[in-house]
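*Asks:* Numbering (UniProt numbering), first residue to last: 1 to 267.
Each residue gets a CB set at the ideal place from its N, CA and C atoms; glycine is no exception.
Take a look at the following structure, please.
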């Protein structure tokens with residue numbers, strides 16, 4: 001894995017660089033956000049460890065600009081202060097985890113391994129569990145959202161990840177009609193849909209196909225409805241605005257669960 005360390009303290013940079021190289025990773029380090037931006041423009045980076053407080057631009061702004069250059073970069077924010085207060089802001093910005101200094105080798109290794117597992121191609125993960133490439137790419141997925149831009153973003157991400165059997169619906173009734181026709185394995189469903197509300201679509205899906213997995217997308221104002229949907233059988237929910245990689249992880253787990261359950265049924 002290719003790791004970039006961004007910290008104005010030379011001792012921290014040297015420590016992390018030595019630890020990560022011993023773990024077998026490719027490592028580069030820079031002392032501020034501007035150098036990090038320049039580096040990412042010229043090099044591939046999988047995971048960036050970024051200090052929160054740095055001269056010039058701070059860690060959050062640095063990571064935001066890194067993601068603008070390469071949206072696939074993962075981020076670990078590091079700080080000398082308590083990290084609990086940073087978590088909500090960090091997660092909304094796509095940061096993978098917040099880490100308090102000093103950092104133990106065991107914790108660093110745990111974070112790197114966990115992140116590597118997330119970014120392993122879906123085909124590799126699924127094949128190890130007995131699923132074929134055709135089963136993966138052929139998983140039936142329905143994206144139901146009244147915002148065309150949201151539907152397109154999710155479709156593009158799924159296509160890039162190897163999924164090809166994707167349908168889309170722009171209102172609740174269309175979602176029901178398409179589900180009746182194909183009985184999709186996984187449905188990404190906006191909770192606030194025109195014509196038929198998302199909760200009613202969920203009830204319909206679960207009545208016809210209890211094993212189909214439904215992922216709810218909601219705005220902050222609809223959080224209570226999303227939680228109620230989970231209690232009714234939705235697999236999970238995610239709030240808008242969401243990070244695409246976070247949504248992809250949820251979708252991947254839901255698809256995996258559905259396909260593995262089907263595999264067990266056929267054995």
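What is the C-beta distance between residue 205 and residue 179, in whole angstroms, given that I count them as a contact (C-beta under 8 Å)?
*Replies:* As a working note, residue 205 is residue 205 in the chain shown. As a working note, residue 179 is residue 179 in the chain shown. Their Cβ separation, rounded to whole angstroms, is 6 Å, which keeps residue 205 and residue 179 in contact under 8 Å.
*Asks:* Measure the Cβ-Cβ separation of residue 49 and residue 105 and say whether it is below 8 Å.
*Replies:* Position 49 of the chain shown holds residue 49. Position 105 of the chain shown holds residue 105. Result no, Cβ atoms of residue 49 and residue 105 do not sit closer than 8 Å.
*Asks:* Hey, out of 242, 250, 251 and 202, whose CA is closest to residue 228's CA?
*Replies:* Along the chain shown, one-based indexing puts residue 228 at 228. When only C-alpha atoms are compared, the closest one is 202.
*Asks:* Considering only the beta carbon of each residue, do residue 213 and residue 182 sit closer than 8 Å?
*Replies:* Here residue 213 refers to the residue found at position 213 when the chain shown is read from its first residue. Here residue 182 refers to the residue found at position 182 when the chain shown is read from its first residue. In this structure, residue 182 does not lie closer than 8 Å to residue 213 by Cβ.
*Asks:* Under 8 Å Cβ to Cβ from residue 47, same chain only, skipping five residues before and after it: list those, please.
*Replies:* Taking the first residue of the chain shown as 1, we reach residue 47 at position 47. The residues are 1, 2, 3, 4, 73, 74, 75, 76, 96, 112 and 115.
*Asks:* By alpha-carbon positions, which one of 237, 42 and 37 ends up nearest to residue 60?
*Replies:* The residue labelled residue 60 in the question sits at position 60 within the chain shown. Selected option, being the one with the closest Cα: 37.
*Asks:* Return the first residue and the last residue of the alpha helix (DSSP H) that residue 231 is part of.
*Replies:* Position 231 of the chain shown, counted from the start, is the residue given in the question as residue 231. Start and end: 223 to 231.
*Asks:* Name the two residues that bound the continuous alpha helix (DSSP H) containing residue 175.
*Replies:* One-based indexing of the chain shown puts residue 175 at position 175. Looking at the DSSP string, the run of the alpha helix (DSSP H) that includes residue 175 is 172 to 182.
*Asks:* Bridge partners for residue 48 per DSSP, in chain order?
*Replies:* Position 48 of the chain shown, counting from 1, holds the residue named residue 48. DSSP lists 4 and 75 as partners of residue 48.
*Asks:* Is DSSP giving residue 140 helix, strand or coil here?
*Replies:* The residue labelled residue 140 in the question sits at position 140 within the chain shown. It is coil, neither helix nor strand.
*Asks:* Between residue 17 and chain C, is the shortest Cβ-Cβ distance under 8 Å, so that the two count as touching?
*Replies:* Considering every chain present, this structure includes no chain C. It has just one protein chain.
*Asks:* Can you tell which of 233, 215, 224 and 241 has the C-alpha that lies nearest to the C-alpha of residue 253?
*Replies:* Position 253 of the chain shown, counted from the start, is the residue given in the question as residue 253. That would be 215, whose Cα lies nearest to the Cα of residue 253.
*Asks:* In terms of residue numbering, what span does the beta strand (DSSP E) encompassing residue 28 cover?
*Replies:* Here residue 28 is taken as the residue at index 28 of the chain shown, counted from 1. 26 to 30 is the span of the beta strand (DSSP E), which, as asked, contains residue 28.
*Asks:* Are there 16 or more other CB atoms within 10 angstroms of the CB of residue 156, so buried, or fewer, so exposed?
*Replies:* As a working mapping, residue 156 is identified with position 156 in the chain shown. It is exposed - the Cβ of residue 156 has fewer than 16 other Cβ atoms within 10 Å.
*Asks:* Distance check for residue 13 and residue 177, CA to CA, integer angstroms please.
*Replies:* By 1-based counting over the chain shown, the position of residue 177 is 177. By 1-based counting over the chain shown, the position of residue 13 is 13. Their Cα atoms are separated by approximately 56 Å.
*Asks:* Compute the Euclidean distance between the alpha carbons of residue 188 and residue 195, then round it to the nearest angstrom.
*Replies:* Stepping through the chain shown from its first residue, residue 188 is reached at position 188. Stepping through the chain shown from its first residue, residue 195 is reached at position 195. The alpha-carbon atoms of residue 188 and residue 195 are separated by roughly 17 Å.
*Asks:* Mind reading off the beta-carbon distance from residue 7 to residue 51? Whole number of angstroms is fine, and I expect it under 8 Å.
*Replies:* Indexing the chain shown from 1 puts residue 7 at position 7. Indexing the chain shown from 1 puts residue 51 at position 51. Indeed, because the Cβ distance is near 4 Å, the residues count as touching under 8 Å.
*Asks:* Residues in the same chain with beta-carbon distance under 7 Å from residue 135, minus the five sequence neighbours each way, listed in chain order, please.
*Replies:* As a first step, residue 135 is located in the chain shown; it is residue number 135 there, counting from the start. Within the same chain, residue 135 has close Cβ partners 259.
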